[in-house]
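Using this note's numbering, read the sequence shown as starting at 197 and increasing by one per residue.
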Amino acid sequence: MAERSFKAEVEDLRLGAGETFTGEGILALTKALLENGVAYVGGYQGAPISHLMDVLADAQDLLAELDVRFEANANEAAAAAMLAASVHYPMRGAVTFKGSVGVNVASDALANLASSGVTGGALVIVGEDYGEGSSIMQERTHAFAMKSQFWLLDPRPNLPSIVQAVSDGFELSEVSNTPVMLMVRIRSCHVTGSFQTRDNQRPKLSVKQALSNPRSDFARVVLPPMSFAHEQDKVKNRWPAAEKFIRERGLNEVFGPKAGFGIVVQGGMYNGLIRALQRLGLADIYGDSAVPIYVLNVTYPLISGEFLQFCDRKDHVLVIEEGQPEFIETQLGSFLYRAGSAVKLHGKGLFPLAGEYTGAVMLDAVTGFLKTAAPEMLAARVRAPNIDAPAIPDLSKTVPIRPPGFCTGCPERPIFAAMKLVEKELGKHQIAADIGCHLFASLPPFEIGGATMGYGLGPAANAAFDGGGERRPVAIIGDGGFWHNGLSSSFTNMAFNKSDGVAIVVDNFYSAATGGQDVMSSRADNATKATKNPISKALGGIGIDWVRQIDRTYDVKKMRDTIREALTTDAPGPKVIVASSECMLNKQRREKPLRAAAIKQGRRVDVPRFGVDEAVCTGDHACIRLSGCPSLSLKKLDDPLRDDPVASIDQSCVGCGNCGEVADAAVLCPSFYRADVVHNPSAFEMRLAGFRARVIGWLQRRRDAKRLVFGGAA
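Dropping the structure here:
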């Protein structure tokens, strides 16, 4: 169950020639693939490239009608390997995954693909999320494109440009026999707009047709001496063919008048630049600019002749390149040096060396450049609204940071509460983390988990500690990481090396952190994918015998006891706990509509809620330190004799019961209570509730009367 369905939107993918498509960038990307005769598509579904794999999954019926093969790959390496179909066959294929981290995982397959070259068009759509939208290390895809000589497209973030880039990418790949990367930033995925559609095209050669006429060519096998020939082919044939295509097709764009200065910008940064020029009164709402702009919709390879032509008769040129190192700025500087040009190149310095180029950063840097290159334009500019408004205050001084954390009712929270209880008893342990929601446990209030070395590599990160010691090392890994890379890399490593360590597999039934897509062990029915394959069974298959399956992580006592057993048992070999409970977000997405429908139909529905008895709560807040649930907060009482705030559960509570379980397991105060909210109660329940209300009311009135009597006597 993905967090968002595109079943309605994918119907627009059937639009034909001359019609107008309106929607998001990811849907436009999919439509462009179909219009350009793609034969197969795939990708890693857990990569948050803003739902592109979810769109493809929801469009499977249409893909099948067009004879397009769709594959949800186990990881990015498997996705990249899928492009091998375009090595020998003139078929267009596309795969997608997250930017630098996905490219890192896929690097072996991608490097081999780039070496052998392709016959058909091969497109890698990477979701570049450098900056505030990123959940990973801050790196760029550009370095890999340079290393392995992939051509890298970075189109302007509007639908016509994105759609055109798909067409250009396939043709560029075929003309130069080189795979192409199409970079789409997070904001490009969500940008909305419209474009004129074309008819969808069946692939000229489908996968089924290719299987009927197998091909092979040993010259494309990456083995000596062919691999040496591949390197020569890259520089002597593929690169010149790519440059020729880029120039003749005008893939890069020039806007604005001729002047003694100009700006070179990555295509993906174009909207930010235009907005800055608009605020300076140097561009209108249609994007017409008073400043010359050279837009690099292709950021690798850079075209020397094109750039030098843009620089002709200019004194100053600004390069807008987000991220570091400054690959583009360095290369352009080399072009100028070799040409003996006196053009002054600006870039890093006016712009920060690292970090996202937000609107404020862009405005400051462009203003600084124009003060040097064209001060008269700033002096005579048309005053734009708000340009001289007070600066935006530094909110970091007044607004507290909001680190990521577990959702309300998350079934992973009780796992780490249990670990804290065991830690209190047995002492602190060496703990390695993995990629996924469970990584939030490294933050307060749990502070469990240390380094994370990559998706599926949590247990492998503890390999140096797995030889035995006073205390066993502990590794945390999610079910998504287990199937992505963990089974083959981490757990076979533990089994083969007879590790004495402990690994906890956090099984929430989905690739939850990236949108709730199904994985091998998901317990939901899936018409097109194989689910319900137990993790414990896979572990047994590689020879790990000490496996404990827990099917309700909210049982904090059982979690605590099982973790303690794993850390103290004399059993040899790896110890693995599979802690399973459904992701609460996905559970709520499934159950809330059903519950609302049942209530609307007049059926009886009871919804559990939890609360805190203010009279019993001691106010020591230990429950919060062992839970951290967003719905569990503090409340100031009106009682002048109680200064400390008490624990309080707000209306966001989903009734998971973790707070009470933690209080019980940790022997905390018994202030938590459960109350079931009954919708559409029966007549008997209504009468019973009325009777209870009358009895409670009578008792309250009697108590109040006694207070008045004793108060008067006093």
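C-beta: ideal position from N, C-alpha, C; glycine also.
Cutoff 7 Å; reference residue i; Cβ partners in own chain excluding five residues on either side
i      : result
Ala767 : Trp742
Asn559 : First, the residue type needs correcting, since residue 559 is Leu and not Asn in the sequence shown. Within the same chain, Leu559 has close Cβ partners Ala472, Arg475.
Asp263 : Arg398, Pro399, Ser402, Lys404
Ile738 : Phe687, Thr688, Ala691
Ala910 : Note that Ala910 scores a pLDDT of 46, beneath 50, so its modelled location is shaky; the value from the coordinates is reported in the next line. Hits under 7 Å: none found.
Pro804 : Gly851, Arg870, Asp872
Ala575 : none
Asn269 : Gly238, Gly239, Tyr240, Ala275, Met278
Arg579 : Low confidence applies to Arg579: its pLDDT is 48, below 50, so where it sits in the model is not reliable, and the reading given next is rough at best. Hits under 7 Å: Gly477.
Cα-Cα separation between residue i and residue j, rounded to whole angstroms
i      : j      : result
Ile499 : Ala277 : 30 Å
Ser384 : Leu407 : 36 Å
Gln392 : Pro356 : 8 Å
Val487 : Pro453 : 7 Å
Val702 : Ser776 : 6 Å
Gly214 : Leu469 : 31 Å
Glu231 : Lys430 : 29 Å
Gly536 : Val515 : 19 Å
Met377 : Pro789 : 40 Å
Asn876 : Asn658 : 54 Å
Gln505 : Met342 : 23 Å
Leu915 : Thr758 : Residue 915 lies beyond the range of the chain shown here (197 to 910); nothing can be said about it.
Ser867 : Ala629 : 34 Å
Thr554 : Gly323 : 18 Å
Lys902 : Arg786 : 51 Å
Lys771 : Val301 : 27 Å
Leu349 : Lys567 : 31 Å
Lys754 : Ala862 : 12 Å
Val952 : Ala290 : Nothing in the structure corresponds to residue 952, since the chain is present only between 197 and 910.
Val858 : Ala260 : 50 Å
Val562 : Asn493 : 20 Å
Leu211 : Gly886 : 60 Å
Ala437 : Glu444 : 11 Å
Lys544 : Lys624 : 45 Å
Lys294 : Asp325 : 8 Å
Gly797 : Thr216 : Residue identity differs from the one stated: residue 797 is Gln in this sequence, not Gly. Gln797 and Thr216: Cα-Cα distance of roughly 40 Å.
Gln520 : Glu552 : 10 Å
Ala699 : Ser707 : 19 Å
Val715 : Gln256 : 18 Å
Exposed unless 16 or more other CB atoms sit within 10 angstroms - verdict on residue i
i      : result
Met882 : exposed
Ser369 : buried
Ala613 : buried
Glu220 : buried
Pro599 : exposed
Trp894 : exposed
Ala793 : exposed
Asn396 : buried
Pro640 : exposed
Arg912 : Any question about residue 912 goes unanswered here, given that the chain covers just 197 to 910.
Pro421 : exposed
Gly168 : Past the edges of the chain, shown from 197 to 910, lies residue 168, and the structure says nothing about it.
6 Å CB neighbourhood of residue i in its chain, flanking five on each side removed
i      : result
Ile201 : First, the residue type needs correcting, since residue 201 is Ser and not Ile in the sequence shown. So no residue of the chain qualifies.
Ile583 : A caution first: Ile583 carries a pLDDT of 46, below 50, which makes its placement in the model unreliable, though a value can still be read off. The residues are Arg475.
His856 : A quick correction: the sequence has Gly, not His, at residue 856. Hits under 6 Å: Phe868.
Arg744 : Thr758, Ile773
Val387 : Gly221, Pro353
Selected residue, minimal CA-CA separation from residue i, among the options
i      : options                        : result
Ala455 : Ala569, Asp350, Asp429         : Ala569
Glu518 : Leu258, Thr749, Ala235, His338 : His338
Gly682 : Ala871, Val359, Leu653, Ala361 : Leu653
Pro286 : Gly327, Tyr240, Leu258, Tyr236 : Tyr236
Lys540 : Ser732, Val562, Phe523, Cys507 : Cys507
Phe366 : Val314, Arg352, Val417, Lys783 : Val314
Asp364 : Gly446, Ala305, Thr388, Gln345 : Gly446
Gly316 : Arg411, Gly564, Ser296, Val618 : Arg411
Ser685 : Pro655, Gly665, Asp675         : Pro655
Asp809 : Cys865, Cys603, Met649, Ile631 : Cys865
Glu439 : Gly464, Glu427, Thr374         : Thr374
Residues near residue i by beta carbon distance below 8 Å, same chain, minus five either side
i      : result
Phe503 : Val460, Tyr490, Leu528, Phe531
Lys616 : Phe642, Ile644, Leu822
Arg719 : Phe705, Thr727, Lys728, Glu778
Asp802 : Asp872, Val873, Val874, His875
Contact with chain C by residue i, beta-carbon distance below 8 Å
i      : result
Asp751 : Among the protein chains of the structure shown there is no chain C, as only one such chain exists.
DSSP bridge partner residues for residue i (one or two, in chain order)
i      : result
Tyr553 : Answer by DSSP bridge pairing: none, since Tyr553 is not bridged.
Gly238 : Glu267, Val291
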